Structure formats: C-alpha cells, structure tokens
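*Asks:* In order, the protein sequence lines correspond to chains P and D. The first sequence begins at -8 in our numbering and counts up one residue at a time. The second sequence begins at 9 in our numbering and counts up one residue at a time. Beta carbons: idealized from backbone N, C-alpha and C, even for Gly. Everything numeric in this text was worked out from a predicted model, so none of it was measured.
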Amino acid sequence: NAGVTQTPKFQVLKTGQSMTLQCAQDMNHEYMSWYRQDPGMGLRLIHYSVGAGITDQGEVPNGYNVSRSTTEDFPLRLLSAAPSQTSVYFCASSPSPSNEQYFGPGTRLTVT
Amino acid sequence: DAKTTQPTSMDCAEGRAANLPCNHSTISGNEYVYWYRQIHSQGPQYIIHGLKNNETNEMASLIITEDRKSSTLILPHATLRDTAVYYCIVRVSESGGNYGQNFVFGPGTRLSVLP
C-alpha cells in the first residue's frame, strides 16, 4: 500500500493562476479531507468528503473547490490563486469518522 | 473554537518519560480524545485515542482523568526522533453527523527531546 499520496510536492503560482492539487489513497477509505497549515499554526479543514459523489465545506473553504468522482481520488482546485493561499496542504483519509486519519506528505504551495 | 488547551512547548531529556498534558474541560460524553504528532514538516501521524479508560499501544500511553476533563499522553522513553508537535483533539466517534467539523487541530505542544 502506498497509503495517501499527494502531488506535486512543491508548487509556485502567480496570483490569478489556477491549479489542482492531487490526492489519492489506495486503502479504500470512504472519508477524505483537505487541510491547510500556515506557519506556526495547527491544521485547518478546507473541504471533506464522506464518499464518492459527496463533499462538504470545512472551516476555510473559500477559494477552493473539490470533487469526489471515485473513492480513491480527492483533488483540490484553486481557481484563482491568491497570496493568502500560500500554505502547506495536507490530504487525509480514514475508513470512518471513528477511525484515525492517515495523512499524505503534503504539498507546499507558494503564490507570488 | 478549539476544544482543547495544551502548553505551547515542553522539553524532555532523552530516555526519560515525556508527559504531555491536555485540558478538555468541555468534553461531551460521546467525544473521544485523540493524539497526533507532526514531525518537522511531515503529515500528522496518529498516536493513540481513548474514551474514558487508560489506553496503551506500542507508541504511547494515554491517561484520562476520571471526570474526563483532562488527559496526559506519555511517551515512556523519549528519543530524539520523538521531537515533534503533539496535537490533542477531542471529537465524536459516531459515523454520520457533522464529520467535517469534528477534527480540530489547534497549535499543539512543541516537544523538544534533548540529548
């Protein structure tokens, strides 16, 4: 099992550009989520999904879109990047809310 | 709002037990206490969780007070590789409901294990 994988590991964008952060898991987990972590802070939930075709907003959803067409993949889209979106992004999955979450290695995004 | 309060930082000598406290005075009866850690800039790693009984696994022990308003994570023999930020989280365990709002990572405790 590769666990939770994220691509790319690093990305630099210019303000206004769009991009998609990829997240995939091979553990057949129903629940997946995206967090962002700013320097010296804890993680904040952006969006989450309780299964294919079902997504919902977390604490800081503005500026981000998600979709969940398959159990394995949960991409995060930035439609028009802003410097405030400079952060480290973590994807996580779990078999159910009662189980621990498994996190990916993160994507470090810089928006100039 | 964070449901937990943790010290900002702690030091521990290598080989000694590291005791990390967490206050969760508003914890509900159906909420579990979870501990995660984050080493350097890696993704968080699950350590342990419990409801009201003390728990132990290969990584750590979790001691929850009888009134459940606080808990302590114990790393019995800390090593340099245990240097990390440790997060205490309370959340419900049932499936369904407001899953997305239930996992709140605060700033955590930065544990430094010193040689």
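Please tell me whether D:P52 has its Cβ less than 7 Å away from any Cβ of chain P.
*Replies:* yes
*Asks:* Listing by chain order, which chain P residues have their CB less than 8 Å from the CB of D:H57?
*Replies:* The contact set of D:H57 on chain P, defined by CB atoms closer than 8 Å, consists of E91 in chain order.
*Asks:* On the three-state DSSP scale, how would you describe P:S75?
*Replies:* helix
*Asks:* Please name the residue, chosen from P:H38, P:K0, P:S9, that lies closest to P:S84 on a Cα-to-Cα basis.
*Replies:* P:H38
*Asks:* Mind checking if P:P96 is an interface residue toward chain C, Cβ cutoff 7 Å exclusive?
*Replies:* Protein chains P and D are contained in the structure displayed, whereas chain C is not.
*Asks:* Is there contact between the stretch 47 to 54 of chain D and the stretch 26 to 39 of chain D, where contact requires at least three CB pairs shorter than 8 Å?
*Replies:* No, the stretch 47 to 54 of chain D does not touch the stretch 26 to 39 of chain D.
*Asks:* If we ignore side chains and look at the alpha-carbon of each, how far apart do P:L70 and P:G97 end up?
*Replies:* 20 Å
*Asks:* Of all Cβ atoms in chain D, is any one closer than 7 Å to the Cβ of P:G33?
*Replies:* yes
*Asks:* Which residues share a DSSP beta bridge with D:V112?
*Replies:* DSSP lists no partner for D:V112.
*Asks:* Tell me which same chain residues have a C-beta within less than 6 Å of the C-beta of P:V57, skipping the five on either side of it?
*Replies:* H38, T46, L67
*Asks:* Going by alpha carbons, who is nearest to P:T103 out of P:D64, P:M32, P:S9?
*Replies:* P:S9
*Asks:* I'd like the list of long-range same chain contacts for P:Q92, defined as Cβ closer than 6 Å, with 5 residues on each side in sequence excluded.
*Replies:* A83, S85
*Asks:* Rounded to the nearest angstrom, what separates D:G104 and D:T34 at their Cα positions?
*Replies:* Low confidence applies here, because D:G104 scores a pLDDT of 47, under 50, leaving its location unreliable; read the following figure in that light. Using only the alpha carbons, I get a separation of about 22 Å.
*Asks:* Can you check DSSP and say which residues form a bridge with D:V100?
*Replies:* D:V100 pairs with D:E39.
*Asks:* Along the chain, where does the beta strand (DSSP E) that runs through P:G44 open and close?
*Replies:* Note, P:G44: premise wrong, no beta strand (DSSP E); not H, not E.
*Asks:* Got a sec, what are the start and stop residues for the beta strand (DSSP E) D:D19 sits in?
*Replies:* 17 to 21
*Asks:* For D:A25, list the residues DSSP reports as bridge partners.
*Replies:* For D:A25, which the question treats as bridged, DSSP gives no partner whatsoever.
*Asks:* If I follow the unbroken beta strand (DSSP E) through D:L81, where does it start and stop?
*Replies:* 78 to 83
*Asks:* Considering D:T34, what are the terminal residues of the beta strand (DSSP E) in which it resides?
*Replies:* First-last for D:T34: undefined, no H or E at that position.
*Asks:* Name the chain P residues whose beta carbon is nearer than 8 Å to that of D:P29?
*Replies:* Within 8 Å Cβ-Cβ: nothing; D:P29 doesn't reach chain P, min ~17 Å.
*Asks:* Which one of D:T16, D:E22, D:N27 has the shortest CA to CA distance from D:S79?
*Replies:* D:N27
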